[in-house]
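A.B. asks:
In my numbering, the protein residues as written are 57 to 252.
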């Protein structure tokens, strides 16, 4: 390929990027200081934190483990939520030192913190990298604008030898993004104010 072709291709990519950015409204991820400011508002962005100085990170807020439950039955979902059926779950008890050994499998987890998402913000979450290094992950849905509650997620232990976790462990980092504009109607589904 000639030098002119490479230069031409680079220019096309450059101008395409400028075009896309000019047409899209990118939602910036909130930084540490913005998070602190929102945590100090009423209602706080995140409340019931064990130690905000540790949990508020440069790019998100770490959520901690309140309880672990195992699924004890089937669930179902359809287009219409009237046909949704959540499976029964049973609580797993931490030992006297606050530890729990989880065999390979999937578990519902509930966090200590209560999240209050304003109408101009949404959030997604990622597991802490230490979990991934242990052969464990956390699966989540989107935290919609307007949602409030003590959230639940799915902890999956892939490690064939299992995984030990302690109560109040930091397991997830919640990343907040400012929307292009405030939504007219915030989240109002069945999980609003869950576990509060």
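We put the beta carbon where it would ideally sit given N, CA and C, even for glycine.
Hey, residue 251 and residue 166: beta-carbon distance below 8 Å or not?
C.D. replies: Contact: yes.
A.B. asks: Could you tell me if residue 199 is buried or exposed, where buried requires 16 or more neighbouring beta carbons within 10 angstroms of its beta carbon?
C.D. replies: That one is buried.
A.B. asks: Bridge partners for residue 229 per DSSP, in chain order?
C.D. replies: Note: residue 229 sits in a beta bridge opposite 118 and 182.
A.B. asks: With DSSP as the reference, identify every bridge partner of residue 222, one or two as the case may be.
C.D. replies: DSSP lists 155 as partners of residue 222.
A.B. asks: Quick one: what does DSSP say residue 244 is sitting in, helix, strand or coil?
C.D. replies: Three-state DSSP puts residue 244 in coil, outside helix and strand.
A.B. asks: Assuming residue 177 and residue 201 make a contact with CB atoms under 8 Å, what is their CB distance in whole Å?
C.D. replies: Contact holds; Cβ gap of about 6 Å.
A.B. asks: Here's the rule I'm using: 16 or more other beta-carbon atoms within 10 Å means buried, otherwise exposed. How should residue 219 be labelled?
C.D. replies: Per the 10 Å Cβ criterion, buried.
A.B. asks: So what's residue 168 in DSSP terms, helix, strand or just coil?
C.D. replies: If DSSP states are grouped into helix, strand and coil, residue 168 belongs with coil.
A.B. asks: Given a cut-off of 8 Å, decide if residue 126 and residue 223 are closer than it, judged by their beta-carbon atoms.
C.D. replies: Not in contact: residue 223 and residue 126 (Cβ atoms no closer than 8 Å).
A.B. asks: Mind reading off the beta-carbon distance from residue 169 to residue 102? Whole number of angstroms is fine, and I expect it under 8 Å.
C.D. replies: Residue 169 to residue 102, Cβ: 5 Å. Contact.
A.B. asks: Is residue 229 near residue 164, with beta carbons less than 8 Å apart?
C.D. replies: No, they are not a contact pair.
A.B. asks: Using only the alpha-carbon positions, how far apart do residue 154 and residue 210 sit?
C.D. replies: Taking the straight line from one Cα to the other gives about 20 Å.
A.B. asks: When you compare only the Cα positions, how much space is there between residue 48 and residue 191?
C.D. replies: In the structure displayed, the chain extends from 57 to 252; residue 48 sits before or after that span and is not available.
A.B. asks: Do you know offhand how far residue 245's Cα is from residue 157's?
C.D. replies: Approximately 33 Å between the Cα atoms of the pair.
A.B. asks: For residue 212 and residue 159, I'd like the C-alpha separation in whole angstroms.
C.D. replies: When rounded, the distance between both Cα atoms is 10 Å.
A.B. asks: How many Å lie between residue 116 and residue 145 at the Cα?
C.D. replies: Approximately 29 Å, taken between the alpha carbons.
A.B. asks: Closer than 7 Å by C-beta to residue 215: which residues in its own chain qualify, once you throw out the five before and the five after it? Chain order, please.
C.D. replies: Answer for residue 215: 160, 190, 191 and 192, listed in chain order.
A.B. asks: What is the DSSP secondary structure of residue 86, counted as helix, strand or coil?
C.D. replies: Coil, per DSSP.
A.B. asks: Do you know how far the Cα of residue 236 is from the Cα of residue 123?
C.D. replies: Distance between the alpha carbons of residue 123 and residue 236: 35 Å.
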